[in-house]
Amino acid sequence: MKNALQFSQFNNWANEKIFEHLKQLPDEIYNKQVQNAFPSISAVLHHMYQTDYVWLKVLEGESFEEIVASVKKRAMEIQGIDLNEMHLHFKEMAEQFETFVQHKGDLNTPTTVHHPAIGTLHTTYADLLQHIVNHGTYHRGHLSGILNQLGHKGASIDYIFYLFSLQHQ
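Shown next, in the form of structure tokens:
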């Protein structure tokens, strides 16, 4: 459980570092169009947010149908918002993940995920949290790539930097 909890906290820390870094850069880069896996920084953040929302609802036990209905509403809520507003949404999501993890207890508890196209997965909450962290890490890499493409340095968000930050608390 300790690793799953720590990885979840790392994910929140890394997202926070991304927002801190982006807020130091010119405002226009947030929606600047690029030739990349995603067309802009805002598009990557929207995808990350929506996907985290979906997985939070999976962890909380909502059905596929319930999630599909609610994710459309969330997508509309974040459409066209600026970096500061998106940051607030990420903070809220981080708090929801933290609450889930703290209240779940044993994250190695088995769970089952049903998807109409992919099938049924028998796994643990810890494995799902690891997937969520991997997904976030993957897309934070896209953000760094876009920033480099726009002539800016990416944020230092590797897991090792998180571990060093824990020692300095």
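Count the sequence shown with the UniProt record's numbering and you get residues 1 to 169, in order. We put the beta carbon where it would ideally sit given N, CA and C, even for glycine.
Per DSSP, the bridge partner or partners of residue i
{"i": "Gly119", "result": "His115"}
{"i": "Thr124", "result": "Pro110"}
Residue i burial status per 10 Å Cβ neighbour count (16 or more: buried)
{"i": "Phe164", "result": "exposed"}
{"i": "Asp106", "result": "exposed"}
{"i": "Ser63", "result": "exposed"}
{"i": "Ala4", "result": "buried"}
{"i": "Leu88", "result": "exposed"}
{"i": "Ala14", "result": "buried"}
{"i": "Asn108", "result": "exposed"}
{"i": "His168", "result": "exposed"}
{"i": "Ala126", "result": "buried"}
{"i": "Tyr138", "result": "exposed"}
{"i": "His115", "result": "exposed"}
{"i": "Gly136", "result": "buried"}
{"i": "Met86", "result": "buried"}
{"i": "Met76", "result": "exposed"}
{"i": "Asn12", "result": "buried"}
{"i": "Ile118", "result": "exposed"}
Sequence-distant residues of its chain with Cβ nearer than 6 Å to residue i (five each side left out)
{"i": "Leu121", "result": "Val113"}
{"i": "Val34", "result": "Ile146 and Gln149"}
{"i": "His152", "result": "Leu25"}
{"i": "Ser144", "result": "Gly154"}
Cβ neighbours of residue i in the same chain (closer than 8 Å, five flanking residues each side left out)
{"i": "Val58", "result": "Ile67, Val113 and Leu128"}
{"i": "His142", "result": "Asn36, Ala37, Phe38 and Val44"}
{"i": "Asn148", "result": "Gly154"}
{"i": "Leu56", "result": "Met93, Gln96, Phe97 and Phe100"}
{"i": "Pro110", "result": "His122, Thr123 and Thr124"}
{"i": "Ser40", "result": "Tyr30, Asn31, Lys32, Gln33, Val34 and Ile146"}
{"i": "Glu60", "result": "Phe100"}
Same chain, Cβ closer than 7 Å to residue i, five either side skipped, listed in chain order
{"i": "Phe10", "result": "Val133, Tyr159 and Tyr162"}
{"i": "Lys104", "result": "Tyr125"}
{"i": "Tyr53", "result": "Val71, Arg74 and Met93"}
{"i": "Arg140", "result": "Ala14, Ile18 and Ile157"}
Cβ separation of residue i and residue j, assumed to be a contact under 8 Å, to the nearest whole Å
{"i": "Gln96", "j": "Phe7", "result": "Going by Cβ atoms, the distance from Gln96 to Phe7 rounds to 16 Å, so no, they are not a contact pair."}
8 Å Cβ cutoff, residue i in contact with chain C
{"i": "Thr124", "result": "In the structure shown, chain C does not exist; there is a single protein chain."}
Note to self: I'd like to know if the segment 99-112 and the segment 78-87 are in contact, where contact means that at least 3 CB-CB pairs between them fall below 8 Å.
What the structure shows: no
>> Pairs of beta-carbons, one from the segment 8-24 and one from the segment 147-161, closer than 8 Å: are there three or more?
In response: yes
- Pairing CB atoms from the segment 66-76 with CB atoms from the segment 24-36, are three or more of them under 8 Å? no
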